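Remarks on the structure that follows.
Residue numbers (my numbering): 4 to 69.
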């Protein structure tokens, strides 16, 4: 579940980093798309959700932005 406070935090981070879209995946995960790889760590840190992603996840994210 996403609390309203977390949703507000999410929107603020998305606007700050000019993220063009957010989505809930079919696996019920949050996908933040269209940002640079350099911004990814900062966005997740701002949301209090940072942990180093597995290499296949980082590759998948970069691949999906092409």
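Positions of the beta carbon are idealized from the N, C-alpha and C atoms, including for glycine.
Since we're looking at a predicted model, the values are computed, not measured.
Report the residue from the options whose alpha carbon sits nearest the alpha carbon of residue i.
i, options, result
"residue 48", "5, 29, 17", "17"
"residue 45", "6, 31, 8, 15", "15"
Using the rule of at least 16 other Cβ atoms within 10 Å of the residue's Cβ for burial, across every protein chain shown, is residue i buried or exposed?
i, result
"residue 3", "Not covered by the structure: residue 3. The range shown for the chain is 4 to 69."
"residue 27", "exposed"
Helix, strand or coil for residue i? Go by DSSP, reduced to three states.
i, result
"residue 74", "This structure does not reach residue 74, given that the chain is present from 4 up to 69, and the question cannot be answered."
"residue 25", "strand"
"residue 36", "strand"
Taking the alpha helix (DSSP H) that residue i falls in, what are its first and last residues?
i, result
"residue 13", "7 to 19"
"residue 45", "40 to 49"
Using only the alpha-carbon positions, how far apart do residue i and residue j sit?
i, j, result
"residue 38", "residue 50", "15 Å"
"residue 19", "residue 7", "18 Å"
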